[in-house]
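Below: the structure, in C-alpha cells.
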Amino acid sequence: MDLSFIFSTFVLIFIATSMRTGRPAKASTIYKVSIHNNGGRRYASTQPYTLDENGKKHYSHKHWGIVDDNKVFHPNSTYFYASLEERRKLIFPSDWDLSEVKALSGTGHRGAVEYTGGDLDRMYGPTWFLDNVARATGLLDDLQKVFGGNLEMAQDVLTLAYYLFLDSRTYSHIEKWQRVVKTPSVHTLTSSSITRLSQNITEQNRMDLFRMRAKRMSKDEYCAVDSTSVSTYGFHLVDIRWGHNKEHLPLKQTLEVIVYSLTSHLPIYYLELPGNMPDSRTMEMIVTELEHAGFKNIILITDRGYESIKNIELCIAKGQKLITSVKCGQGEPLKAIRSIDLSTGVPEGMSFSKETGLFYKQYDLDYQVQGNGDHVIKADRLKLNLYYDIHKRADDLARVQMAIANQKEVLQAVMETGKPVPKDDRDAFRKENNFMKIAFWKSGKLRSYEVDKDAVRKATLTSGFFASKTIGLDLNPLEAKSNYGMRDEQEKTFMLQKGPLGEDRMRVCTEASKHGRMFICFVALILASYIRHIRDTKPELAKAFPSMASILEEMQTIRCIEHDGHRKFVTPFVGDQILICDAFGFEIPEGCRPTYTSRKSTKGKPGRPPNPQVETS
5 MDLSFIFSTF VLIFIATSMR TGRPAKASTI YKVSIHNNGG RRYASTQPYT
55 LDENGKKHYS HKHWGIVDDN KVFHPNSTYF YASLEERRKL IFPSDWDLSE
105 VKALSGTGHR GAVEYTGGDL DRMYGPTWFL DNVARATGLL DDLQKVFGGN
155 LEMAQDVLTL AYYLFLDSRT YSHIEKWQRV VKTPSVHTLT SSSITRLSQN
205 ITEQNRMDLF RMRAKRMSKD EYCAVDSTSV STYGFHLVDI RWGHNKEHLP
255 LKQTLEVIVY SLTSHLPIYY LELPGNMPDS RTMEMIVTEL EHAGFKNIIL
305 ITDRGYESIK NIELCIAKGQ KLITSVKCGQ GEPLKAIRSI DLSTGVPEGM
355 SFSKETGLFY KQYDLDYQVQ GNGDHVIKAD RLKLNLYYDI HKRADDLARV
405 QMAIANQKEV LQAVMETGKP VPKDDRDAFR KENNFMKIAF WKSGKLRSYE
455 VDKDAVRKAT LTSGFFASKT IGLDLNPLEA KSNYGMRDEQ EKTFMLQKGP
505 LGEDRMRVCT EASKHGRMFI CFVALILASY IRHIRDTKPE LAKAFPSMAS
555 ILEEMQTIRC IEHDGHRKFV TPFVGDQILI CDAFGFEIPE GCRPTYTSRK
605 STKGKPGRPP NPQVETS
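So for the sequence shown, the numbering used here puts the first residue at 5; every next one is plus one.
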C-alpha cells in the first residue's frame with residue numbers, strides 16, 4: 005500500500021476530529037467577572053456553564069454583587085458564603101475598586117486601624133460577651149475551619165446564634181436589630197442572605213464541626229444521649245411525622261437527638277430524625293456517626309428508651325462503653341428480683357448504703373455476639389446493677405392501686421356510653437389500661453373488663469426496684485448510679501433550647517433551610533451550655549444572677565462607638581459587669597476598667613516645693 009496515501013488519510017482524519025471537538029475553552033473563562041445589566045442594576049457576573057446529555061454547553065449568569073457608577077464592587081451573600089478557594093479564582097477587571105473585598109478573610113491584612121463607615125453608636129455588651137464565649141469554647145476557630153477559612157460565614161452563623169439569645173422575634177427582624185446592636189457580621193443580614201446561608205450549610209459542614217469538637221475532648225468523657233420532640237405547624241418537611249410528642253402537644257414533630265458531654269459540660273453532637281422514630285431504633289445511627297466523627301473512648305449514658313437487645317449487642321460488638329437504665333419487668337432484672345427475699349421487709353443479700361439510703365447488688369453477665377465470619381465477640385465487663393428503695397416501693401405500690409381505680413372508672417364510663425373503640429386504636433387503648441383484661445364486641449364496643457392479676461402481681465413484685473447495665477467499665481453500683489444521675493444536666497440542655505433559645509418550634513418551611521437552622525441552633529446551644537455551667541459553678545455569679553438572661557441583660561449598657569476616620573471605642577465597664585468578666589476570665593478592653601493611672605509625665609518639672617523644715621532646740 006502507498007505510504008503517502010496512508011499519511012494523507014491520517015491527516016484528514018485528524019483535521020476532521022479537531023473540527024468536531026473545537027478549541028478547548030480556557031479554564032479561566034468561567035471565572036472572568038463582567039457587568040451584567042439586569043432590572044436596572046449592574047451586577048458583577050460570571051457565566052458558568054453546564055453540559056447536557058449531548059455535550060452542549062448551557063450558560064447562566066452568577067451574580068457576585070453589584071458595581072456602582074464609580075466602579076466600586078459591593079459583594080453580596082453569594083460572595084460572602086463562597087469558599088476562599090472559589091473567591092480567589094474570580095478574575096476582576098483591573099479598573100474596578102475592590103476595597104470592600106480586600107477587607108474580607110483570605111485577602112491578606114484584615115481591616116484597617118481606622119473605621120471608614122458612617123458614624124455609629126450601637127449596643128455591644130451582650131455580643132462582646134458572646135464573642136468571648138465563642139473564643140473560650142473554640143467555636144470561632146472551629147467554624148472558620150469548617151467553612152474552609154471563610155471567616156465571614158463563621159461570623160454570620162455566630163450572629164444568627166446570638167440573635168436567638170438576645171431577641172425573641174423571628175429572623176425577619178434581624179436587619180433592624182443590627183442597626184442598634186454591633187454583631188460579628190460585617191454586613192447586614194437580610195432574609196435572602198439568611199436563606200442562602202442556611203441552604204449553604206451542608207452535611208459536610210455538620211460532620212466537620214463534630215470532628216473539630218472531637219479533637220477538643222479528653223479520653224473517657226461521660227456523654228449523655230437523649231432526644232426531644234420539636235413540634236411544628238408546617239407540613240412540607242420530610243421528617244415531620246405524628247409521633248410520641250414529649251410535650252404532649254397535638255402537633256406533628258421532628259425528633260432531635262443531642263449527645264452532651266458531662267465532663268466538658270457541652271453538647272458534642274446532634275441528629276435530626278423523623279418524628280415517629282422511637283429512641284430504641286436510633287442507637288445504631290448515633291454510635292456509627294460518633295465513630296465517623298472521631299469521638300473515641302467516650303462513655304455513653306442512655307435512659308430506658310434506648311434499651312433493647314439489639315442496642316446492647318451493638319455496643320458489645322463495637323466496644324462502646326455504656327451506662328444504661330433498664331426496665332425491671334423483664335429479662336435479667338426480673339430474674340434477679342425474683343431471687344430476692346422480701347419477706348422481712350428488707351431485701352436479703354443486698355448491700356446497704358447509708359449515704360444514699362439504697363440497697364444495691366451487682367451481677368456479672370456473660371454475653372457474646374457473632375462477629376465477622378466465625379469470630380465471636382465476648383461482652384467486656386457487662387454488669388447488671390440492681391437497686392432497691394424502701395420509700396420508692398411505698399410510692400410505687402400506691403401508684404399501682406391508684407392506676408387500677410382510675411382505669412376501672414375510665415372503662416366503666418366507656419362501657420356506659422357505648423362508644424366503640426376503633427380497631428386501629430385498641431392496642432393503644434389496652435396499653436393505657438395496662439392493669440385490666442379487656443374484651444370487645446365485633447362492633448368495637450367494650451364488652452367486659454377485669455383486673456389483670458398477673459400484671460398487678462408483676463408490678464407489685466418490682467415496686468421499689470430499679471436497675472442499670474454497664475459495659476466496658478469498672479464501676480460499682482453506687483458509682484454507676486452517680487454517673488447516670490449526671491444526665492440531669494442533659495435535661496437542662498433541652499430546657500435551654502426550648503426556653504432562652506426559643507427553639508421549641510420548627511420555624512422553617514423547606515428541607516434545604518432546616519439543616520442549616522439546626523446547625524445554627526446547635527452552635528447557640530454550645531454557647532448557652534458554657535454560660536450556664538460557669539454560672540452554676542461560680543457562687544458569686546449564681547448569687548448575683550438568677551439566670552443566663554440576667555447576665556446578658558447586665559451587659560446591655562456597654563456600647564461601641566464608631567466615628568468615621570477614627571478607631572472605635574467601647575464605653576466603660578462598671579459594677580457587676582466587672583464581676584461577670586472576672587468570673588468568666590474575660591479580659592476587659594483596654595481603658596474600660598474603672599481604675600485609671602495618669603500618664604502625665606513629671607520628668608524635669610520641680611512641682612510644688614516642700615514645706616521648710618523648722619529646727620527646734
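Built from N, CA and C at the ideal position, the CB exists for glycine as well.
Extent of the continuous alpha helix (DSSP H) run through T306: The residue you call residue 306 lines up with position 302 of the sequence shown. Run containing T306: none in the alpha helix (DSSP H); it sits in the beta strand (DSSP E), I303 to T306.
Given 8 Å, three or more beta-carbon pairs between the region 464-480 and the region 376-394: Flag = yes, the region 464-480 and the region 376-394 touch.
Same chain only: Cβ atoms within 7 Å of G142, ignoring 5 sequence neighbours per side: If you number the sequence shown from 1, residue 142 lands on position 138. A distance below 7 Å between beta-carbons, with the five flanking residues on each side excluded, links G142 to the following residues of its chain, in chain order: R220.
Simplified DSSP state of T82, which is helix, strand or coil: Here residue 82 refers to the residue found at position 78 when the sequence shown is read from its first residue. For T82, the three-state secondary structure derived from DSSP is helix.
Test item: CB-CB of C227 and L275 under 8 Å: As a working mapping, residue 227 is identified with position 223 in the sequence shown. As a working mapping, residue 275 is identified with position 271 in the sequence shown. Result no, Cβ atoms of C227 and L275 do not sit closer than 8 Å.
W100 (DSSP reduced to helix, strand or coil): Looking up residue 100 in the sequence shown gives position 96. Coil at W100, not helix or strand.
Three CB pairs or more closer than 8 Å across the region 178-187 and the region 545-558: No: fewer than three Cβ pairs fall under 8 Å.
Cβ neighbours of H62 in the same chain (closer than 7 Å, five flanking residues each side left out): Taking the sequence shown and counting its residues from 1, the one referred to as residue 62 is at position 58. Correct list, in chain order: Y53, T54 and D56.
For I313, the first and last residue of its enclosing beta strand (DSSP E): Taking the sequence shown and counting its residues from 1, the one referred to as residue 313 is at position 309. Element bounds for I313: not the beta strand (DSSP E) but the alpha helix (DSSP H), I313 to K322.
Under 8 Å between C-beta atoms of T286 and L294: Here residue 286 refers to the residue found at position 282 of the sequence shown. Here residue 294 refers to the residue found at position 290 of the sequence shown. Taking 8 Å as the Cβ cut-off, T286 and L294 do not qualify as a contacting pair.
CB contact flag (I34, Q51, <8 Å): Taking the sequence shown and counting its residues from 1, one reaches residue 34 at position 30. Taking the sequence shown and counting its residues from 1, one reaches residue 51 at position 47. Cβ atoms of I34 and Q51: closer than 8 Å.
Euclidean distance between Cα positions of I320 and Q372: The sequence position of residue 320 within the sequence shown is 316, counting from 1. The sequence position of residue 372 within the sequence shown is 368, counting from 1. Going by the C-alpha atoms only, they are around 8 Å apart.
Residues near L401 in its chain [Cβ-Cβ closer than 7 Å; skip 5 each side]: Within the sequence shown, numbered from 1, the residue matching residue 401 stands at position 397. If we look at L401 and ignore the five residues flanking it on each side, its Cβ neighbours are T464 and S467.
Secondary structure of N487, DSSP reduced to three states: In the sequence shown, counting from the first residue as 1, residue 487 sits at position 483. Three-state DSSP puts N487 in a helix.
7 Å CB neighbourhood of V578 in its chain, flanking five on each side removed: Position 574 of the sequence shown, counting from 1, holds the residue named residue 578. Within the same chain, V578 has close Cβ partners P598.
Spatial distance of S64 from K36 (CA atoms): In the sequence shown, the residue the question calls residue 64 occupies position 60. In the sequence shown, the residue the question calls residue 36 occupies position 32. In a straight line, the C-alpha of S64 is about 13 Å away from that of K36.
Candidates R217, A471 and I565, of which the one nearest C332 by Cα: As a first step, residue 332 must be located in the sequence shown, where it is residue number 328. Here the closest residue by C-alpha is A471.
First through last residue of the beta strand (DSSP E) which encompasses G375: Position 371 of the sequence shown, counted from the first residue, corresponds to residue 375. No beta strand (DSSP E) contains G375, which DSSP labels as neither H nor E.
Nearest-angstrom Cα separation, counted from W100 out to W68: Here residue 68 corresponds to residue number 64 of the sequence shown, with the count starting at 1. Here residue 100 corresponds to residue number 96 of the sequence shown, with the count starting at 1. Here the alpha carbons of W100 and W68 stand approximately 14 Å from one another.
Residues near C596 by beta carbon distance below 6 Å, same chain, minus five either side: Indexing the sequence shown from 1 puts residue 596 at position 592. Here the set comprises V574, P576 and F577.
Reference N488; option with closest CA among R308, K66 and E336: Locating residue 488 in the sequence shown gives position 484, counting from the first residue. As written in the sequence, residue 488 is Tyr, which differs from the Asn given in the question. It is R308 whose Cα lies nearest to the Cα of Y488.
Residue span of the beta strand (DSSP E) that contains H62, given as start and end: Taking the first residue of the sequence shown as 1, we reach residue 62 at position 58. Element bounds for H62: K61 to Y63.
Alpha helix (DSSP H) segment containing M552, residue limits: Counting from one through the sequence shown, the residue named residue 552 turns up at place 548. M552 to E558 is the span of the alpha helix (DSSP H), which, as asked, contains M552.
Close beta carbons around K75, own chain, < 7 Å, minus the five adjacent residues each side: The residue you call residue 75 lines up with position 71 of the sequence shown. Excluding positions up to five away in sequence, the list reads D99, W100 and D101.
Reduced DSSP category for E156 - H, G, I as helix; E, B as strand; rest coil: Taking the first residue of the sequence shown as position 1, residue 156 is located at position 152. It is helical.
As assigned by DSSP and simplified to three states, the class of K396: Mapped onto the sequence shown, residue 396 falls at position 392. Here K396 sits in helix by DSSP.
Three-state class that DSSP yields for K339 in the structure shown: Taking the first residue of the sequence shown as 1, we reach residue 339 at position 335. In the structure shown, K339 sits in a helix (DSSP, three-state: H, G or I).
Close Cβ partners of D458 (< 6 Å) along its chain, the five nearest in sequence each way excluded: The residue you call residue 458 lines up with position 454 of the sequence shown. Closer than 6 Å at the Cβ level, and outside the excluded window around D458, lies no residue.
Exposure of W445, with buried meaning 16 or more beta-carbon neighbours within 10 Å: Taking the sequence shown and counting its residues from 1, one reaches residue 445 at position 441. That one is exposed.
Chain-order list of residues whose beta-carbon lies under 8 Å from that of D540 (same chain, five-residue window excluded): Residue 540 sits at position 536 when you count from the first residue of the sequence shown. Taken in chain order, the residues that qualify are A546.
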